[in-house]
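In the order they appear, the protein sequences are chains A and B.
Residue 688 in this note's numbering sits at position 688 of the first sequence, and the numbers go up by one each step.
Here this note's numbering runs 741 ahead of the position in the second sequence, where the first position is 1.
There are 2 protein chains.
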Amino acid sequence: MASTSSLALSQALLTRAISHNGSENCVSIPAFSALKSTSPRTSGTISSRRRNASTISHSLRPLVRAAAVEAIVTSSDSSLVDKSVNTIRFLAIDAVEKAKSGHPGLPMGCAPMSHILYDEVMKYNPKNPYWFNRDRFVLSAGHGCMLQYALLHLAGYDSVREEDLKSFRQWGSKTPGHPENFETPGVEATTGPLGQGIANAVGLALAEKHLAARFNKPDNEIVDHYTYSILGDGCQMEGISNEVCSLAGHWGLGKLIAFYDDNHISIDGDTDIAFTESVDKRFEALGWHVIWVKNGNNGYDEIRAAIREAKAVTDKPTLIKVTTTIGYGSPNKANSYSVHGAALGEKEVEATRNNLGWPYEPFHVPEDVKSHWSRHTPEGAALEADWNAKFAAYEKKYPEEAAELKSIISGELPVGWEKALPTYTPDSPGDATRNLSQQCLNALAKAVPGFLGGSADLASSNMTMLKAFGNFQKATPEERNLRFGVREHGMGAICNGIALHSPGFIPYCATFFVFTDYMRAAMRISALSEAGVIYVMTHDSIGLGEDGPTHQPIEHLSSFRAMPNIMMFRPADGNETAGAYKIAVTKRKTPSVLALSRQKLPQLPGTSIESVEKGGYTISDNSTGNKPDVILIGTGSELEIAAQAAEKLREQGKSVRVVSFVCWELFDEQSDAYKESVLPSDVSARVSIEAGSTFGWGKIVGGKGKSIGIDTFGASAPAGKLYKEFGITIEAMVEAAKSLI
Amino acid sequence: MASTSSLALSQALLTRAISHNGSENCVSIPAFSALKSTSPRTSGTISSRRRNASTISHSLRPLVRAAAVEAIVTSSDSSLVDKSVNTIRFLAIDAVEKAKSGHPGLPMGCAPMSHILYDEVMKYNPKNPYWFNRDRFVLSAGHGCMLQYALLHLAGYDSVREEDLKSFRQWGSKTPGHPENFETPGVEATTGPLGQGIANAVGLALAEKHLAARFNKPDNEIVDHYTYSILGDGCQMEGISNEVCSLAGHWGLGKLIAFYDDNHISIDGDTDIAFTESVDKRFEALGWHVIWVKNGNNGYDEIRAAIREAKAVTDKPTLIKVTTTIGYGSPNKANSYSVHGAALGEKEVEATRNNLGWPYEPFHVPEDVKSHWSRHTPEGAALEADWNAKFAAYEKKYPEEAAELKSIISGELPVGWEKALPTYTPDSPGDATRNLSQQCLNALAKAVPGFLGGSADLASSNMTMLKAFGNFQKATPEERNLRFGVREHGMGAICNGIALHSPGFIPYCATFFVFTDYMRAAMRISALSEAGVIYVMTHDSIGLGEDGPTHQPIEHLSSFRAMPNIMMFRPADGNETAGAYKIAVTKRKTPSVLALSRQKLPQLPGTSIESVEKGGYTISDNSTGNKPDVILIGTGSELEIAAQAAEKLREQGKSVRVVSFVCWELFDEQSDAYKESVLPSDVSARVSIEAGSTFGWGKIVGGKGKSIGIDTFGASAPAGKLYKEFGITIEAMVEAAKSLI
């Protein structure tokens, strides 16, 4: 393909914006109000977006002329690109140097491709980082975050001002050591743990493909954006990236374009010591279109041509392998691991300034570079206004679809959605909570437009199929059953990407509870990045039986109770399952894990959807004055055992309270008075039962209480036999209680 | 290649055995006594091995004749193979049917390739499953374990007798629901969680390549065996398998031969719904030799030819893609997910019996099949005796190498190895425990022949390089620094394979502590399968500073304390680090995790290598009569804070005990009297401090104590600032203590 000046693409975008600029709509249409809730950071955003919208017409006109001029003067343009690219390099160098900590190497090598992306290719509105139809960018090699901060700064995002660059990696700054979506508007995903970012990108691209297929009309393609990502050798080595890239190829995510920063250096040195596979061939095997840009250091036109080619391939994701030099420009450290993760040092910074001909003081952005990038503010406002107009037309013509899309964009759930959840009485037939979960999932999918998900090849065991929908596939992306294959880690991270795409997306994903071990890194990122994914984890104890200890969770409940910002639910029956889903759907900034039984359980008297909100609550009590002889505490499948043990003890004249501890995190949030009403400090006779590790129960049963659980691995045998052999029985609980009364 | 009768290969093996049979050595040389300690199950093995060794000469002779006859009668041979293959199928069908639980599909499809492996190709001694130079086999698709049980049964392993097959998946049986090495001699690795097995196989093959390069001599190739594995579509989808297969290709593990059971079915149905990549091309990209056997159902000669070809390729691992029909032989369920993970049901078992012409009752092994397989007992004994003779010659000529190899084979550490560990006094210079760890690693590598390991691309941060050794690479496999690249999950599972290869292998592996989330599934398998891997986990708290919350562990200490059979160490200084290593090296059936600091720490008075064995112990105390006013408890980098807080309190006239809680699991193992001596029940004023989750500390500080920790995510800033902002300070501890006194 012929080379194109850097402005051809940006001009094309500009033209799109301008074509609507003359219309009244562009100036007058505000963002629809539903967008208010897209992010915690948008409090000040609406007004600034409106302000920009109203100033577009005059701010754009001079730019049009400038663009026309620049398009002719190709050579000066090229030198301006050089200058802009070096600006990015030195902002990264200077920030790392000031912090005496960070990773300058990647930004120095990736500045060219990322300059072209942010300056020439991507559509976004810097003054509203949450504008729905923006292109998404994920820096999967998150340690190179100064690259992204420099880009956001140049592009005009308010989240990264000069003072933010100067407080890189400092307490309270908007520029933490790795990109954090919850800290820095403009950052789409929290990356750093390698491979997570490309997986998030697959999730973002999936979300776009799904929405486009579901909502676009021949006369109005209301959903239409790309997902870009930069990943490095580290991301490529991680298994998760192979998982998600295999899926991206399978799904044919044509609007996913990933740049592989092929710099041959990782922390341990040359990648030759551990990474000699052919990445190109592997991606071809995964069904990707692969392009190799041999000169990533200054082959701007090669990069541009590659992006054009990638966009032309619509049925496959594209990997653009860009061969770069890590630390490009540093005369003594480029192309070595020493530039990967440490400041260059005063001398080498000076040498690099000389080498690249950079006469400026630290953090300086030359005026012509600043001016060149300044157009993105009006251009972005115009893009958003354009889209708002398009949406207004869409809404008029397709009100039902618009309402659904609006709910997904805004995160505002349809009124009364929670009424869809099933309720149960003690007379309702007993069932495994995995089956009761399926009733909830199907009810929610009908009531909540952005509800979708699937299993890692265990749909028929996890009971996660949405019966009203088909499979999300290459040819049927409008459907809502996701088929992840046996790829737990990728599944979790893809769901993070979906959740982060739009606040109304509520993705769920499923496997056996024990296999959270495969996806724990992604789950922690859910919790950290405030992605409200719902983890449907069935086969939650030795109750799964014959599959044996490789499949039986023991320490998993404890391990999630210890993790910040994630709710660990272990519902006992239908009402508690529905109650857990109600909270999981509501809390969009906290992911939830539901541990569900394989085995059938009764519907217990005393449980309710509402009570689950308290985390721990009394389901039955024959005592008076908040002074039972003993408190029996259970969760999930063992709550039934606690209830039956209580009956036995009551028959023997004891006053017994039975407490369900369905979600510890929610109980922790209750008032001291409420906690005292459930677990009075005077009552030290407390017995807990749970078919899992007793670790952590000490705090709840107290120094004199007893915890019945399993602190060894399980075994292979029918479930009933295991419960008996491991002592998870009514008799054990009665005995423990009696020893304390 | 021309086809070869099934007996050509087995005969070749037989010939090798027989060639030594005539010599006196073969009959008279017993296994060397060091082998006694290779396994807990070998108690009765030595004698049976000796018995076999002494009966070889007469038991082999008839077999030689039989082999010669059978080699001519190819047609009857082929029908006998059919019969043997069907025996495997029906043993699996019958066991699953009796258990009403299990996975018949894979054994039915994989019976042909596995028959050829166990009957014609592999060398092993069924009466000593731990014979060092055996070929290893790992069923990565562990759910198909009845395949392996049937093979072990036919091959004459005592671990799987007819009654064991009949108690498949029952309490206490030797035939659990997934293969467990610690339960069933003959099973090399614990599999079931998908992808782990092929990773173990890579570790086993690495171990062989390392030992062969290190110990083989031109006149005596004392180490010489293959590693075989069967993996399915599920294993292929898991990211871990791509990680380890990339490494296997990089390392050129030519004696690793993996069979990919290409049956197009997983639990959710046809793999077309989630898995359409080209596995062949991907493996070629990873540097493997790839062969496709198109008819895996009965193309015996194709399978044989493929194995021959694989063996001829010595510089690359080989993937033999074997296209099979899952549930082959079942007229109504073959080639469908319904045969994957459930019993066929009485009717379909009957139909399958009719379809395959199998007139026998359940669990029947036809006499000619039994007779055919019976040769493996004498043949295996001959193989071992042959090797023992070879070893005797080796030992005579190369006594030093033989002593090292013997230590690795037997697990008997050189006398006085522990003296190599460094010791420290309070005057020794302070240092980060990651650096102190490096001193231990280097000391141990010199003292312990089987000590080797490496990092997931963080060697210079984890401080894990062994200075006396080079890198284990394709051309230098005798070296001991393993370079895993950014592949934590694969790293852990490969180390499991190394540990399981021979009891004297002590592999360590390293990354940042937070990234245990990437490898947790492998770590759990270490714990379950009793593989004593040492996990060197640095950057163990917010103390790592600027990298921020994606890199700062919070809940990780708790999450491992809750896991069965793994020791979670958090040493505070040099002595505690050395003490942790001493135990980690000693406890070969329990893996260890060492959480180590990035930041410098002082050498504390009161710590010692020996005390670490207690798990928790007093480092200083100014009280009398076991009644301090308050007990301050710390671990790792916060023990210093506890010590300093104690000084402040003592200055104010308080009697204060400071306790190091370096390993909870070891403290739990102590006597009640010891525990009472450290944490007297009368002293309820207890304060713990740890820069991590407080989850679980309630049990130790008791209902009236206080725990200082961090129950939210961390942040990006210099370490000192973070400690202050998160309140992990001397002042906070003093204040908490005062509030309790």
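Backbone N, C-alpha and C fix where the C-beta goes; we use that ideal spot for every residue, glycine too.
All of these numbers come straight from a predicted model, not from anything done at the bench.
Presumed contact (8 Å Cβ cut-off) between N462(A) and A510(A), rounded CB distance
As a first step, residue 462(A) is located in the first sequence; it is residue number 462 there, counting from the start. As a first step, residue 510(A) is located in the first sequence; it is residue number 510 there, counting from the start. Contact holds; Cβ gap of about 4 Å.
Pairing CB atoms from the segment 1411-1427 of chain B with CB atoms from the segment 1463-1477 of chain B, are three or more of them under 8 Å?
no
Starting from S739(A), find everything on chain B with Cβ-Cβ shorter than 7 Å and list it in chain order.
For the purposes of this step, residue 739(A) is taken as residue 739 along the first sequence, with counting starting at 1. In chain order: nothing, as chain B lies at least about 17 Å away.
With a threshold of 6 Å on Cβ separation, who are the neighbours of S688(A) within its own chain once the five nearest residues in sequence on each side are excluded?
Here residue 688(A) is taken as the residue at index 688 of the first sequence, counted from 1. For S688(A), where only same-chain residues beyond five positions count, the Cβ hits under 6 Å are I633, W697, V701, S707.
Which word fits K1160(B), buried or exposed, when buried means at least 16 other C-beta atoms lie within 10 angstroms of its C-beta?
Against the second sequence, residue 1160(B) aligns to sequence position 419. Label assigned to K1160(B): exposed.
Rounded straight-line distance, which links the Cα of T190(A) to that of L441(A):
Taking the first residue of the first sequence as position 1, residue 441(A) is located at position 441. Taking the first residue of the first sequence as position 1, residue 190(A) is located at position 190. Taking the straight line from one Cα to the other gives about 28 Å.
Comparing the C-beta of K587(A) with each C-beta of chain B, is any distance below 8 Å?
In the first sequence, residue 587(A) corresponds to position 587, counting from 1. No - not a single Cβ of chain B is within 8 Å of the one on K587(A).
Taking 8 Å as the CB-CB cut-off, is Y535(A) touching chain B?
Sequence index remark: in the first sequence, residue 535(A) carries index 535 (1-based). Cβ-Cβ to chain B under 8 Å: no for Y535(A).
Distance, Cα to Cα, Q937(B) vs I542(A)?
Locating residue 937(B) in the second sequence gives position 196, counting from the first residue. Locating residue 542(A) in the first sequence gives position 542, counting from the first residue. Each residue's Cα considered, the two are about 21 Å apart.
Take N805(A) and list the residues in its own chain whose beta-carbon comes closer than 8 Å to its own, dropping the five residues that flank it on each side.
Absent from the model: residue 805(A). The displayed extent of chain A is 1 to 741, so no value can be given.
State the Cα-Cα distance for the pair L1027(B) and G714(A), rounded to the nearest angstrom.
Position 286 of the second sequence holds residue 1027(B). Position 714 of the first sequence holds residue 714(A). Looking at the two C-alpha atoms, the distance is approximately 37 Å.
Flag A171(A) as yes if its beta-carbon sits less than 8 Å from any beta-carbon of chain B, otherwise no.
In the first sequence, residue 171(A) corresponds to position 171, counting from 1. Note that residue 171(A) is Trp in the sequence shown, not Ala. W171(A) counts as touching chain B.
When DSSP labels each residue in this structure, what does T694(A) get in the three-state scheme?
Residue numbering aside, residue 694(A) sits at position 694 when the first sequence is read from its first letter. Reduced to three states, the DSSP call for T694(A) is coil.
DSSP state of G785(B) mapped onto helix, strand, coil:
Taking the first residue of the second sequence as position 1, residue 785(B) is located at position 44. Confidence is the limiting factor: at G785(B) the pLDDT is only 33, short of 50, which leaves the residue's position unreliable and the question unanswerable from this model.
To the nearest angstrom, report how far apart G186(A) and G548(A) are at their CA atoms.
Position 186 of the first sequence, counted from the first residue, corresponds to residue 186(A). Position 548 of the first sequence, counted from the first residue, corresponds to residue 548(A). Roughly 46 Å separates the two Cα atoms.
For the putative contact between H289(A) and K316(A), defined by C-beta atoms under 8 Å, what is the C-beta separation to the nearest angstrom?
Against the first sequence, residue 289(A) aligns to sequence position 289. Against the first sequence, residue 316(A) aligns to sequence position 316. That belief holds up - the Cβ atoms of H289(A) and K316(A) are roughly 5 Å apart, short of 8 Å.
Suppose you measure from the CA of A312(A) to the CA of G105(A); what does that come to, to the nearest Å?
Numbered from 1 along the first sequence, position 312 holds the residue referred to as residue 312(A). Numbered from 1 along the first sequence, position 105 holds the residue referred to as residue 105(A). The straight-line gap from Cα to Cα measures roughly 31 Å.
Rounded separation between G1366(B) and A1384(B) - CA only
For the purposes of this step, residue 1366(B) is taken as residue 625 along the second sequence, with counting starting at 1. For the purposes of this step, residue 1384(B) is taken as residue 643 along the second sequence, with counting starting at 1. Answer to the nearest angstrom: the Cα atoms are 20 Å apart.
Span separating the alpha-carbon of C1404(B) from that of A1458(B)
The residue you call residue 1404(B) lines up with position 663 of the second sequence. The residue you call residue 1458(B) lines up with position 717 of the second sequence. The alpha-carbon atoms of C1404(B) and A1458(B) are separated by roughly 29 Å.
So which residues on chain A does Y1259(B) lean against when the C-beta distance must stay under 7 Å?
To locate residue 1259(B), count along the second sequence from 1; it is residue 518. Contact of Y1259(B) with chain A by beta-carbon distance below 7 Å involves A521.
Please confirm whether A1186(B) and A1200(B) have their CB atoms less than 8 Å apart.
Your numbering for residue 1186(B) matches position 445 in the second sequence. Your numbering for residue 1200(B) matches position 459 in the second sequence. Against a cut-off of 8 Å, the Cβ pair of A1200(B) and A1186(B) comes out as no contact.
Can you tell me where the alpha helix (DSSP H) holding C1250(B) begins and where it ends?
Sequence index remark: in the second sequence, residue 1250(B) carries index 509 (1-based). For C1250(B), there is no enclosing alpha helix (DSSP H); the residue is found in the beta strand (DSSP E) stretching over 1247-1253.
Under 8 Å, do A942(B) and V901(B) count as touching if we go by C-beta distance?
For the purposes of this step, residue 942(B) is taken as the residue at position 201 of the second sequence. For the purposes of this step, residue 901(B) is taken as the residue at position 160 of the second sequence. With respect to the 8 Å criterion, A942(B) and V901(B) are not classified as neighbours on the basis of their beta carbons.
By the criterion of Cβ-Cβ separation under 8 Å, what are the contact partners of R1221(B) in chain A?
As a working note, residue 1221(B) is residue 480 in the second sequence. When 8 Å is used as the limit between beta carbons, R1221(B) is near no residue of chain A, the shortest such separation being about 14 Å.
Looking at the unbroken alpha helix (DSSP H) that takes in M849(B), where does it start and where does it end?
If you number the second sequence from 1, residue 849(B) lands on position 108. Element bounds for M849(B): 846-857.
Output the boundary residues of the beta strand (DSSP E) element that contains D1452(B).
By 1-based counting over the second sequence, the position of residue 1452(B) is 711. Unbroken run through D1452(B): none, as it is neither H nor E.
List, in order along the chain, the chain B residues whose C-beta lies closer than 9 Å to that of E243(A)?
Sequence index remark: in the first sequence, residue 243(A) carries index 243 (1-based). By Cβ distance, chain B contributes M978, E979, G980, N983.
Beta-carbon gap between I257(A) and Y300(A) smaller than 8 Å:
Position 257 of the first sequence, counted from the first residue, corresponds to residue 257(A). Position 300 of the first sequence, counted from the first residue, corresponds to residue 300(A). No, Cβ-Cβ distance for I257(A) and Y300(A) is not below 8 Å.
The alpha helix (DSSP H) with R1398(B) in it runs from where to where?
The sequence position of residue 1398(B) within the second sequence is 657, counting from 1. Looking at the DSSP string, R1398(B) is not in any alpha helix (DSSP H); the run it does join, the beta strand (DSSP E), is 1397-1401.
Would you identify the three-state DSSP class for L9(A), choosing helix, strand or coil?
In the first sequence, the residue the question calls residue 9(A) occupies position 9. Note on L9(A): pLDDT 32, under 50, position unreliable in the model; no value is reported.
Let me check one thing: in DSSP terms, what residues is N1212(B) bridge-paired to?
In the second sequence, counting from the first residue as 1, residue 1212(B) sits at position 471. Note: N1212(B) sits in a beta bridge opposite N1222(B).
For the segment 120-136 of chain A and the segment 95-103 of chain A, state whether three or more C-beta atom pairs, one from each stretch, are separated by less than 8 Å.
no
Own chain, CB closer than 7 Å to P853(B), minus 5 neighbours either side, in chain order:
Residue 853(B) sits at position 112 when you count from the first residue of the second sequence. Closer than 7 Å at Cβ, skipping near neighbours: V826, G1037, N1038, N1039, Y1041, I1044.
For N1095(B), does the count of other Cβ atoms within 10 angstroms reach 16, so buried, or fall short, so exposed?
Residue mapping note: residue 1095(B) aligns to position 354 of the second sequence, counting from 1. N1095(B) should be labelled exposed.
Could you tell me which of K1465(B), G993(B), N1004(B) sits nearest to A274(A), measuring between CA atoms?
Counting from 1 along the first sequence, the entry for residue 274(A) is found at position 274. Ranking the options by Cα distance to A274(A), first place goes to G993(B).
Alpha-carbon to alpha-carbon, L945(B) and R1329(B):
Sequence index remark: in the second sequence, residue 1329(B) carries index 588 (1-based). Sequence index remark: in the second sequence, residue 945(B) carries index 204 (1-based). Roughly 17 Å between the two C-alpha positions.
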